[in-house]
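Peer 1:
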Amino acid sequence: MTSTSASPHLRPLGTWMAVRGGLAIVFGIVTVFWPREQIGSPANLNISVTTVDAILIAYLILSGLLVLLQGIATRTDARMALLGQAVVVIPGIVFLLLADVPGELRAAIAVWAVLHGILELWIWRLGRHERMSSDFLIAGGIHVLLGVIVLAGTDMNALSVMGFAGAAAMISGVFYMVGGYSRRSRTQGGAVAGAEVDDA
Numbered sequence: 738m739t740s741t742s743a744s745p746h747l748r749p750l751g752t753w754m755a756v757r758g759g760l761a762i763v764f765g766i767v768t769v770f771w772p773r774e775q776i777g778s779p780a781n782l783n784i785s786v787t788t789v790d791a792i793l794i795a796y797l798i799l800s801g802l803l804v805l806l807q808g809i810a811t812r813t814d815a816r817m818a819l820l821g822q823a824v825v826v827i828p829g830i831v832f833l834l835l836a837d838v839p840g841e842l843r844a845a846i847a848v849w850a851v852l853h854g855i856l857e858l859w860i861w862r863l864g865r866h867e868r869m870s871s872d873f874l875i876a877g878g879i880h881v882l883l884g885v886i887v888l889a890g891t892d893m894n895a896l897s898v899m900g901f902a903g904a905a906a907m908i909s910g911v912f913y914m915v916g917g918y919s920r921r922s923r924t925q926g927g928a929v930a931g932a933e934v935d936d937a
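Written as structure tokens, this is what we have:
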């Protein structure tokens, strides 16, 4: 008789979570260290809407591809929500391509962030009885909050939008990295425990 301490779907889920978390953290670091344009004084920095568009589009494309691959590889009830997250990247990219002013940039990120966050909360709801499901709750809440803040910030410039997006990505990325590693560790521990039972 074989006994495992974790569901078999946790390992692939953990792998994809860790990869997506790593991408989000890298994106957050890029937004922190991306060169700014000095206007007026050292404390008055800015960045063009076109540059922010390009950075955000690159992140959304990579994030969308990863979540699409995760959705295809997933065999749980969360598959539909994951595929939905891949789909909502499309309007985000389209709106960013059309964005020429900070207001349009804000709208593009707000739409993507809120839809992405809602789907993340759906994933949490589907697996809320599982251990560590709060990762999705926290990440979903962060994305919804990002959308609300950016949408409400009528005086935000492109630099502020990129800063908030990078901060949200970095925080949720840390939770994804930790959650992904924990899920992989649990499945490894379960496999070892099962092998020991078989040997016994």
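Numbering (the working numbering), first residue to last: 738 to 937. Glycine included, C-beta positions come from ideal geometry on N, C-alpha and C.
Within the continuous alpha helix (DSSP H) that includes H880, where are the two ends?
Peer 2: The residue labelled residue 880 in the question sits at position 143 within the sequence shown. 871-889 is the span of the alpha helix (DSSP H), which, as asked, contains H880.
Peer 1: Look up E867 in the DSSP assignment and give the residues it is bridged to.
Peer 2: As a first step, residue 867 must be located in the sequence shown, where it is residue number 130. Answer is none; E867 lacks a bridge partner.
Peer 1: Looking at C-alpha atoms only, which residue of M893, I846, G916 is the closest neighbour of W861?
Peer 2: The residue given as residue 861 occupies position 124 in the sequence shown. Selected option, being the one with the closest Cα: G916.
Peer 1: Please work out which residues of its chain come closer than 7 Å, Cβ to Cβ, to A845, disregarding the five sequence neighbours upstream and downstream, and give them in chain order.
Peer 2: Within the sequence shown, the letter at position 108 stands for residue 845. Hits under 7 Å: G829, F832, L833, A836.
Peer 1: Return the CA-CA distance between W771 and T811, expressed in angstroms with no decimal places.
Peer 2: Taking the first residue of the sequence shown as 1, we reach residue 771 at position 34. Taking the first residue of the sequence shown as 1, we reach residue 811 at position 74. Those two C-alpha atoms are separated by around 35 Å.
Peer 1: Buried or exposed: where does H866 fall if 16 or more other Cβ atoms within 10 Å of its Cβ makes it buried?
Peer 2: Position 129 of the sequence shown, counted from the start, is the residue given in the question as residue 866. Exposed: under 16 other Cβ atoms inside 10 Å.
Peer 1: Given a cut-off of 8 Å on the beta-carbon distance, is the pair T768 and A850 in contact?
Peer 2: For this step, residue 768 is matched to residue 31 along the sequence shown. For this step, residue 850 is matched to residue 113 along the sequence shown. Against a cut-off of 8 Å, the Cβ pair of A850 and T768 comes out as no contact.
Peer 1: Identify, in the order they occur along the chain, each residue of the same chain with its Cβ nearer than 8 Å to the Cβ of L803, setting aside the five sequence neighbours on each side.
Peer 2: Along the sequence shown, one-based indexing puts residue 803 at 66. Taken in chain order, the residues that qualify are W753, V756, R757, L760.
Peer 1: Kindly give me the distance between the Cβ atoms of H880 and G854, rounded to whole angstroms, as I take these residues to be in contact under 8 Å.
Peer 2: As a first step, residue 880 is located in the sequence shown; it is residue number 143 there, counting from the start. As a first step, residue 854 is located in the sequence shown; it is residue number 117 there, counting from the start. That belief holds up - the Cβ atoms of H880 and G854 are roughly 3 Å apart, short of 8 Å.
Peer 1: Answer with buried or exposed for N783, where buried requires no fewer than 16 other C-beta atoms within 10 angstroms of its C-beta.
Peer 2: Working through the sequence shown from its first residue, we reach residue 783 at position 46. With fewer than 16 other Cβ atoms within 10 Å, it is exposed.
Peer 1: Ordered along the chain, which non-local residues of its own chain (more than five positions away) have a Cβ less than 6 Å from that of A906?
Peer 2: What you label residue 906 is simply residue 169 of the sequence shown in a count that begins at 1. Here the set comprises A761, F764, G765.
Peer 1: Going by beta-carbon coordinates alone, are R843 and M893 separated by less than 8 Å?
Peer 2: As a working mapping, residue 843 is identified with position 106 in the sequence shown. As a working mapping, residue 893 is identified with position 156 in the sequence shown. Yes, the Cβ-Cβ distance between R843 and M893 is below 8 Å.
Peer 1: Can you have a look at I809 and say buried or exposed, based on whether 16 or more other CB atoms are within 10 angstroms of its CB?
Peer 2: Locating residue 809 in the sequence shown gives position 72, counting from the first residue. It is exposed - the Cβ of I809 has fewer than 16 other Cβ atoms within 10 Å.
Peer 1: Excluding sequence positions up to five away, which residues of its chain have a Cβ less than 6 Å from the Cβ of L820?
Peer 2: As a first step, residue 820 is located in the sequence shown; it is residue number 83 there, counting from the start. So the list reads G808, once near-sequence residues are dropped.
Peer 1: Mind checking who N894 pairs with in its DSSP beta bridge?
Peer 2: Taking the sequence shown and counting its residues from 1, the one referred to as residue 894 is at position 157. None, per the DSSP bridge assignment.
Peer 1: Since E774 sits in a beta bridge, which residues does DSSP pair it with?
Peer 2: By one-based count along the sequence shown, residue 774 stands at place 37. Partner(s): N783.
Peer 1: Tell me the rounded alpha-carbon separation between I792 and I908.
Peer 2: Reading the sequence shown from its first residue, position 55 is the one you call residue 792. Reading the sequence shown from its first residue, position 171 is the one you call residue 908. Using only the alpha carbons, I get a separation of about 18 Å.
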